[in-house]
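*Asks:* Sharing a structure, written as structure tokens. Questions coming.
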Amino acid sequence: MNRRTFLKLAGLGSVSFAAGCSPESPKHLYSLVQAPEDMVTGKATWYASTCRECPAGCGLIARNREGRVVKVEGNPLHPLNRGKLCMRGQAALQAVYNPDRLKTPLLKEKDGFLSIGFDRAQALLKTKVWEAARRGPERVRLMTEVVGEGQMEIFRSALKNWNSPPPVVFEPFAYEALKAANREVFGVDGLVSYRLDQADVLLAFGAEFLETWLSPVEYAWKFKAMHAARGPEKGFFFLVSPFQTLTGANADRWLACAPGTEAVVALGLVRQMLDIRRGQHLPPDLRDALLKATEAYPQESVLKLSGIPLAQYEQLVVRLAEARRPLVLGAGSGQSDANGLAANLAANLLNLLLDPELLLIDAASRHRVETASRRADVLDLLKVVSSGRTDVLILNNVNPVFSLPPESGAKAALETPELFVVSLSNFLDETSQRADLILPASLPLETWDDYSGWSSLVSTLQPAMGRITGAPHAGDLFLDVGFETRPAPDYKTYIAERLRKAGRIRNELEWVQALQQGGLFPPAGPAASAPPAARPQRLPRHLALPYQPPPAGLAFAAVPSVRLFDGRGANKPWLCEIPDPISRVAWQSPVILHPRTAAAKGLRTADVVRVTSPWGSLEAPVYAAEVVHPGQVLMAAGQGHTAYGRYAENLGANPLSLLPAAVEPNCGGPGCGLPDIQLEAAGRRVELAHTDGSHTQHGRAFILTTTPAELRKGPPP
């Protein structure tokens, strides 16, 4: 017997002895009797799929060991994210193995929920929807997250069979103002993508493109290319916003404007460009209308209203005017109020003035999140449900009770008498708690599907592991309950047949090749992209509205979290324990104040404050830092759950609970901010779980910098 064999036997004997002495019931080790054909014990297998942790749709590859996924990374073949993946994508594993994941369907009874089998739950749903359909039109409604076109097609067909309208697509951040601005200026009723990598000067009015805005991993690699030194030159990034997030921390110049004045600065820049005779290519009537609409925003008024220093503003104007390839981005994800709409309109007009051909705007690769419904449409659905005109409401992986303000009526709508609510969720969140039937659907790493993060490509999903539960895919579920005769034997076949009919694949070999590389991708080069074809012939609506200065009090803003997004990542401990990149606080949701504001209120970091609006109140610890304007109060969304599992429940506070349900009438979107809130000390302190250390380098060269002049000299000899 050699030494290696002896140690193996000795270790096995120790384990057996310990197990035999244990008072607990015996535990057993099992091996796979029938292993998958492509599985080799001890050797990893990689599967290409698509991330569904947000609507961006990045490509990923999943590392499978012995039938279970153990790691996910970005797919280097995918043109959208090029091998990169954000922290939320990396944490997708924690939904699969989460101890709070529902293993079986739950049926509500008087004393709580009863665990039932999937066959019984599916039969119950089928009975309910067809009974409702026989009662009359529009008796079955569906609210869903953003899904791929294959799944959306099945949803529409099933609802049509039930004599009901198409689904309402709910996303807490649906970019209503940006879509309205694109429609008015570019003639594109959707969300174009931007060629950041080709710009030499970039200006954003709050768009947090490195965190959550549209497609953050895509724009991160594009920003890196734009911002890198190219010979003696490098790109320059300006941010105009009343607060800094991770995107603002990477800006070369942060112009800290007063809250609610982003549109003022944007319209002032439109005026500046017109004054230096930019926009001569525009129709004369449009140019004259722009001059009239911006006459209230000369430089003096802009500086007075925004509070931006003259030197910084002049540097911005000069850089924009001299740029060869300037690009302007609009407001942030949560800004679909009047200020956000005007800022997005002005940003699009600036692009038109500075880049007449719009070469840095790609209308061919539009973002899938454009399919999200307006917040006004979501609220209309809740009103219809509350009126008693709906018998069955199906909720596909959405949590409106948490994500919508209390005034929206989401909670009351789900409690409507005689309404049967079905939640296709894997977790008992705030919305699922109020469902009559919770029918978990399989997770993206366990199923077949298609999804197009860009409209010009198709990303594929395939099972990267065996199923842990018996949960069906939502597509298979609707194939069974939504049709008298199934249009396909299963959802995988349905997806492949759709692609074949569309001419994207011709045979099984091409289907397998698409799965291997993670999708069907357009060829690189100019043919894969196209600037918007339309140009405005008149002044965009709502741009000439008079400016309404905000109240003199403290303004409040709730922004999506780089870690938890809109709250859907709050049940993943990997994301909770990662410190916020700005405050360096983990596991908590602090209120960020400027040090001058905190001192004026007699507050210090870690003091608990009570934030009150006309629609709600919350308590949270203070974090004082110069990353916000003195008139701004900032909180990241994502925490404050009252359910959603052990890692999310009763942790932090939900800033969305302070907001009104009203929407901006011209775009139908909400604003995630308030012009005036009340702030008072709660009389206690808490310890912050922070890793920030210090905000300065103390003279030590941790971060090395250089000047453009030194850069032009090249490396030292």
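Note that the working numbering numbers the sequence shown so that position 415 is 415, with each residue one more than the last. All residues carry an ideal CB built from backbone N, CA and C; glycine is no exception.
(1) If we ignore side chains and look at the alpha-carbon of each, how far apart do Ala-220 and Gln-513 end up?
(2) Tell me whether the beta-carbon of Gln-632 lies closer than 8 Å to the beta-carbon of Phe-243.
(3) To test your reading of the DSSP string, which unbroken beta strand (DSSP E) runs of 3 or more residues are found completely within the stretch 451-536?
(4) Under the three-state reduction of DSSP, which class applies to Pro-670: helix, strand or coil?
(5) Does the stretch 99-112 come close enough to the stretch 425-445 that 3 or more CB-CB pairs lie under 8 Å?
(6) Buried or exposed: which applies to Leu-461, given that a residue is buried once 16 or more other Cβ atoms fall within 10 Å of its Cβ?
(7) Would you give the residue range spanned by the alpha helix (DSSP H) that Trp-574 belongs to?
(8) In angstroms with no decimal places, state the Cα-to-Cα distance between Ala-207 and Pro-560.
(9) So Trp-254 is in the beta strand (DSSP E); what residue range does that whole segment cover?
(10) In chain order, what residues of the same chain lie with their CB nearer than 6 Å to the CB of Thr-597, ignoring the 5 residues before and after it?
(11) According to DSSP, is Arg-700 part of a helix, a strand, or is it coil?
(12) Assign Pro-595 to one of three DSSP states: helix, strand, or coil.
(13) Give a yes or no on contact between the stretch 297-308 and the stretch 261-280, applying the rule of three or more CB pairs nearer than 8 Å.
(14) If you measure between the beta carbons of Gly-669 and Ser-336, is that distance less than 8 Å?
(15) Closest to His-536 by C-alpha separation, out of Glu-184, Ser-115, Pro-472, would be which residue?
(16) Apart from the five residues just before and just after Gly-279, which ones in its own chain have a Cβ nearer than 6 Å to its Cβ?
(17) By the three-class DSSP mapping on this structure, what secondary structure does Gln-90 have?
(18) Only counting runs of 4 or more residues, tell me where the alpha helix (DSSP H) segments fall wholly within the stretch 316-369, in order along the chain.
(19) Count Cβ pairs between the stretch 164-174 and the stretch 409-416 that sit closer than 8 Å; are there 3 or more?
(20) Output the distance between the C-alpha atoms of Thr-706 and Val-562, rounded to the nearest integer angstrom.
(21) Please go through the same chain and pick out, in chain order, the residues whose beta-carbon is closer than 6 Å to the beta-carbon of Leu-203, but skip the five residues on each side of it.
(22) Which residue wins for smallest C-alpha separation from Pro-655, given the options Met-635, Val-72, Phe-521?
(23) State the CB to CB distance for the pair Val-146 and Arg-368, rounded to an integer number of angstroms; the pair is presumed to be in contact (CB under 8 Å).
(24) Give me, in chain order, the residues of the same chain whose beta-carbon lies closer than 6 Å to that of Ala-181; leave out the 5 immediate sequence neighbours on both sides.
(25) Could you pull the start and end residues of the beta strand (DSSP E) that Thr-612 belongs to?
(26) Hey, how far is the Cα of Leu-428 from the Cα of Asp-490?
(27) So for Pro-165, helix, strand or coil by DSSP?
(28) Which residue spans inside the stretch 625-650 form an unbroken beta strand (DSSP E) run of at least 3?
(29) Among residues of its own chain, excluding the 5 on either side of Leu-93, which ones have a beta-carbon nearer than 8 Å to its beta-carbon?
*Replies:* A quick look at the data gives this:
(1) If you number the sequence shown from 1, residue 220 lands on position 220. If you number the sequence shown from 1, residue 513 lands on position 513. Distance between the alpha carbons of Ala-220 and Gln-513: 28 Å.
(2) In the sequence shown, the residue the question calls residue 632 occupies position 632. In the sequence shown, the residue the question calls residue 243 occupies position 243. Phe-243 sits close to Gln-632, with the two beta carbons spaced by under 8 Å.
(3) Fully contained in the stretch 451-536 are the following beta strand (DSSP E) runs of length 3 or more, in chain order: 458-461.
(4) In the sequence shown, the residue the question calls residue 670 occupies position 670. DSSP places Pro-670 in coil when its eight states are reduced to three.
(5) The stretch 425-445, when compared against the stretch 99-112, does touch it at the 8 Å Cβ threshold.
(6) Within the sequence shown, the letter at position 461 stands for residue 461. Under this definition Leu-461 is a buried residue.
(7) Position 574 of the sequence shown, counting from 1, holds the residue named residue 574. Its alpha helix (DSSP H) spans residues 573-577.
(8) On the sequence shown, position 207 is the one that residue 207 refers to. On the sequence shown, position 560 is the one that residue 560 refers to. Straight across, the Cα-Cα distance linking Ala-207 with Pro-560 is about 11 Å.
(9) Residue mapping note: residue 254 aligns to position 254 of the sequence shown, counting from 1. For Trp-254, the uninterrupted beta strand (DSSP E) run begins and ends at 253-256, by DSSP.
(10) The count along the sequence shown starts at 1 and reaches residue 597 at position 597. For Thr-597, the CB contacts under 6 Å within the same chain, skipping 5 residues up- and downstream, are Pro-630 in chain order.
(11) The count along the sequence shown starts at 1 and reaches residue 700 at position 700. Residue state, collapsed to three classes: coil.
(12) Sequence index remark: in the sequence shown, residue 595 carries index 595 (1-based). Pro-595 falls in the helix class under three-state DSSP.
(13) Contact between the stretch 297-308 and the stretch 261-280 is present, with at least three C-beta pairs closer than 8 Å.
(14) As a working mapping, residue 669 is identified with position 669 in the sequence shown. As a working mapping, residue 336 is identified with position 336 in the sequence shown. Contact annotation: Gly-669 and Ser-336 have beta-carbon atoms nearer than 8 Å.
(15) Here residue 536 corresponds to residue number 536 of the sequence shown, with the count starting at 1. A quick correction: the sequence has Pro, not His, at residue 536. Among Glu-184, Ser-115, Pro-472, the Cα nearest to that of Pro-536 is on Glu-184.
(16) If you number the sequence shown from 1, residue 279 lands on position 279. Contacts found: Arg-287, Leu-353.
(17) Position 90 of the sequence shown, counted from the first residue, corresponds to residue 90. Reduced to three states, the DSSP call for Gln-90 is helix.
(18) Those alpha helix (DSSP H) runs which fall completely within the stretch 316-369 and span 4+ residues are 338-354.
(19) Segment contact: the stretch 164-174 against the stretch 409-416, fewer than three CB-CB distances shorter than 8 Å; contact not assigned.
(20) Residue mapping note: residue 706 aligns to position 706 of the sequence shown, counting from 1. Residue mapping note: residue 562 aligns to position 562 of the sequence shown, counting from 1. Between Thr-706 and Val-562, the C-alpha separation is close to 29 Å.
(21) Sequence index remark: in the sequence shown, residue 203 carries index 203 (1-based). Cβ neighbours of Leu-203 beyond the five flanking positions: Phe-238, Val-328.
(22) Here residue 655 is taken as the residue at index 655 of the sequence shown, counted from 1. Across the set Met-635, Val-72, Phe-521, the C-alpha of Met-635 shows the shortest separation from the C-alpha of Pro-655.
(23) Along the sequence shown, one-based indexing puts residue 146 at 146. Along the sequence shown, one-based indexing puts residue 368 at 368. Distance from Val-146 to Arg-368 at the Cβ level is roughly 6 Å; contact confirmed, criterion being Cβ atoms closer than 8 Å.
(24) Translated into the one-based positions of the sequence shown, residue 181 becomes position 181. Within the same chain, Ala-181 has close Cβ partners Asn-344, Leu-345, Asn-348.
(25) Walking along the sequence shown from the start, residue 612 turns up at place 612. Boundaries of the beta strand (DSSP E) harbouring Thr-612: 607-613, taken from the DSSP string.
(26) Numbered from its first residue, the sequence shown carries residue 428 at position 428. Numbered from its first residue, the sequence shown carries residue 490 at position 490. Within the model, the alpha-carbon separation for Leu-428 versus Asp-490 is close to 28 Å.
(27) Residue 165 sits at position 165 when you count from the first residue of the sequence shown. In the three-state scheme derived from DSSP, where H, G and I count as helix and E and B as strand, Pro-165 is classed as coil.
(28) Within the stretch 625-650, complete beta strand (DSSP E) segments of at least 3 residues are found at 632-636, given in chain order.
(29) Mapped onto the sequence shown, residue 93 falls at position 93. These residues qualify, in order along the chain: Val-69, Val-70, Lys-71, Val-72, Leu-445.
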